[in-house]
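Here is the structure we will look at.
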Amino acid sequence: MLSTAFLHVDYLHLILNMYVLYIFAPLIIWKLGVIKFIVLYFGSLLAGNLLTMQFHKHELYYSAVGASGAVSGILYAAILLDPDMPLLMFPLPIPIPGFVFGLGYLLYSVYGMKKRIGNIGHSAHLGGAIGGYALMLLVHPQIFVESKLTVIHLGIPIVLLLFFGNKLK
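Sequential numbering of the sequence shown, starting at 1, is according to my numbering.
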């Protein structure tokens, strides 16, 4: 459950995960400190791996590696800290607010899980994002006051997934 964070399919996978960490980790470390960052990182990793294990438990030859769940959790935690952060996403020429990206990312992960798009761990992304969201609320409860609307907007799809997630298969 933990070693997957240190294994990657190829260099592009590793570079992409490290780039996302490079962008979003400093915000969390600066605002919350290293210890809470580590809790968020490894907690999101476990959440991503647990959802992946649950979703693919009947697939004998399914395997997954990477830190994508952990990185997704860090991404979601950073969005909760700064929901209006401008994010550029190829091919869009204009920045979009972080909370809009977060919603789109969550929806795409659900869609990717359902349609099994590519050789991508969409379930790890989704589980990591949910873990990052939940752990952020635990380690930094002030977020309820600082970003109440974002907590609600990003929480609604997560709650819906918890109730209707069995329909994903």
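Glycine included, each C-beta is placed from N, C-alpha and C at the ideal position.
Among the options, nearest to residue i - alpha-carbon criterion
i	options	result
I74	D10, K57, G43	G43
T4	Y111, L46, L160, L88	L46
H13	L2, K31, G66	G66
H125	V145, L103, P93, L137	L103
In DSSP terms, what residue i is bridged to
i	result
P86	P97
DSSP state of residue i mapped onto helix, strand, coil
i	result
A47	helix
P141	coil
K57	coil
A5	helix
P157	helix
Y19	helix
V65	coil
L92	coil
G121	coil
Separation of residue j from residue i, as counted between CA atoms
i	j	result
L107	I143	23 angstroms
G34	L80	It should be pointed out that residue 34 corresponds to Val in this sequence rather than to Gly. Rounded to whole angstroms, V34 to L80 spans 17 angstroms at the Cα level.
F164	N119	24 angstroms
L87	M53	31 angstroms
M89	P157	22 angstroms
CB contact flag (residue i, residue j, <8 angstroms)
i	j	result
S68	N17	yes
V110	K36	no
N49	M113	no
T150	P83	yes
A78	I152	no
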